[in-house]
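Scroll down for the structure; my scribbles are underneath it.
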Amino acid sequence: MKKQSSKTSNTYKPDWTPENAGDEFAVRVVKGKQSQSAGQAGSNSGSSEVKRKSLSVDDYVNGVLKFDRNILARAITLIESNNPTHHDMAQEVLKKLLPHSGKSLRIGITGVPGAGKSTLIESLGMYLIKQGHKVAVLTVDPSSTVTKGSILGDKTRMENLSKEKNCFIRPSPSGGTLGGVTRKSRETITICEAAGFDIIIIETVGVGQSEVTVRSMVDFFLLVLIAGGGDELQGIKRGIMELVDAILINKADGDNENKASIARSDYNKALHYLQPATKGWNAQAFAVSALSGKGIPELWDVIKKFERMIKHSGVFEQRRKDQSIEWVFRMVEDSLRDEFYNNEKVQKAITSIKVDIAKDKITPTLAAEKLLRIFKS
Ligand SMILES: Nc1nc2c(ncn2[C@@H]2O[C@H](COP(=O)(O)OP(=O)(O)O)[C@@H](O)[C@H]2O)c(=O)[nH]1
Ligand SMILES: [Mg+2]
């Protein structure tokens, strides 16, 4: 069958076009761009069919600095792109925006699914917007490729917030490892700060490593819990409590109010014995209702007090510096690991070394040394 004589190379005929049809069939499907994020929040998806004017580095930079939300969304899409050709441009945009970033308070929120994180962000976010703040909400969810539905769930939980001009909600970039998601989220923070958002809220699901990762990008870290039936302290790992600056017992409303207040004092006792996550700050537990908004102004007072304290003591600045340096070495480690495992000689050697190890022909130490020698050769 003869291929269509299409003038533009990136269009093709839809499946249902009759076989011998000529140009009278005007409909052409434009191939979608690959490895771009779903283009959620902020981008008006209706315009995606129209071929958009490509932007220069300065277009991106100026657009972001002017708080052009459309360009902001596109700048984030650019840095989220896995396409190597976008990489250099993204880094140039970031470099130019970097001097304009850093001036926000970064708040991390973790907790099991259903604890009420998104509802809390809606409540707190609306409260902050009314006070004149600009709020950006990002999610770090390395599992988001599997649970795409949760994005929709979150958007409906943050219904009012998502309509606000001074709010920007960006779901987790899809695809890749926690390391990849983290890099993109960190760079997205830079862009949002340069645009003028003074509060950045990062929501993460309480699974595995993601809390540790989010802790390493934020100033204030909050754990959202719900009062369970008695043995509250069982479900959560002590390790997470050592990372947080406050615990919220959410859903302290209706019949739950009493239980929440008991849980609150239990957690306060437990926190008392832990090393503070932030030098000079004693983490405490609070009971709130994200749904009704009860306790939200008080939560904000606590966060403001925290901010004053860490800015005064120098912990704020020191932590930001430490976090940037840690980020550099994390990326170096990730890249070295990738290079090692993608090396063909190493890959071949790994196969035979696994056999030798199983047969006790080589010690693990010598096996590791051998692999590294092969890698470096
Ligand atoms: N009664 C009550 N329900 C809440 C509260 N906060 C959240 N919820 C409900 O809990 C469910 C999960 O909330 P969501 O914010 O999506 O939790 P997330 O998974 O932690 O983001 C939803 O049905 C919310 O309406 C609260 O303060 N009180
Ligand atoms: Mg949520």
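The working numbering puts the sequence shown at residues 632 to 1008.
A virtual CB, placed ideally from N, CA and C, is assigned to each residue, including glycine.
Computed from a prediction, not measured in an experiment: that's the story for all the values here.
- Counting other Cβ atoms within 10 Å of its Cβ, ILE822 reaches 16 or more and is therefore classed as buried.
- Here the distance from the Cβ of ARG961 to the nearest heavy atom of ligand 2 is not below 7 Å.
- In this model, ASP876 and LYS990 are separated by some 50 Å (Cα to Cα).
- In this chain, the alpha helix (DSSP H) harbouring ALA989 covers 975-989.
- Looking at the DSSP output, SER920 sits in a beta bridge with LYS925.
- In summary, GLY885 is exposed, with fewer than 16 beta-carbon neighbours lying within 10 Å of its beta-carbon over all protein chains present.
- Nearest to VAL849 by C-alpha distance, out of ILE1005, GLU795, ALA916 and TRP958, is TRP958.
- Per DSSP, VAL836 lies in no alpha helix (DSSP H); the unbroken beta strand (DSSP E) holding it starts and ends at 830-836.
- About 24 Å separates the Cβ atoms of LEU879 and LEU809, ruling out a contact at the 8 Å cut-off.
- Ranked by how close their Cα comes to the Cα of PHE828, the residues LYS979, THR835 and CYS798 have CYS798 in first place.
- For LEU905, the three-state secondary structure derived from DSSP is coil.
- Excluding sequence positions up to five before and after VAL845, its CB lies within less than 8 Å of the CB of GLY739, THR741, VAL771, ILE833, THR835 and PHE852, all in the same chain and listed in chain order.
- In the same chain as ASN887, and ignoring 5 residues on each side of it, the C-beta atoms closer than 7 Å to its own belong to ALA858, in chain order.
- The C-alpha of ILE760 lies about 30 Å from the C-alpha of VAL688.
- For GLY810, no beta strand (DSSP E) run applies; the uninterrupted alpha helix (DSSP H) run containing it begins and ends at 809-826, by DSSP.
- For the set PHE917, PRO928 and MET872, the Cα lying nearest the Cα of ALA901 is the one of MET872.
- For the set ARG817, ILE981 and ALA908, the Cα lying nearest the Cα of ALA999 is the one of ILE981.
- Take PRO744, set aside five residues on each side of it, and the residues of its chain with a beta-carbon closer than 7 Å to its own are VAL836, in chain order.
- Comparing alpha-carbon positions, the option among LYS727, LEU709 and GLU790 lying closest to LEU922 turns out to be GLU790.
- For VAL695, the enclosing alpha helix (DSSP H) covers residues 688-696.
- Taken from the Cβ of ARG968, every heavy atom of ligand 2 lies 7 Å or farther away.
- The DSSP-derived three-state label of ILE934 is helix.
- ASN713 carries a coil assignment under DSSP once its states are collapsed to helix, strand and coil.
- The beta carbon of ILE820 sits closer than 6 Å to those of ILE831, all from its chain and outside the five residues before and after it, given in chain order.
- In terms of Cα proximity to ALA767, the closest of ASP719, ASN713, LEU703 and THR813 is LEU703.
- In this structure, LYS925 has its CB at a distance of at least 7 Å from all heavy atoms of ligand 2.
- Between the region 907-920 and the region 932-945 there are three or more C-beta pairs closer than 8 Å, enough to call the two in contact.
- The closest heavy atom of ligand 1 lies less than 7 Å from the beta carbon of PRO744.
- By the Cβ neighbour-count rule, TYR904 is exposed, with fewer than 16 other Cβ atoms within 10 Å of its own.
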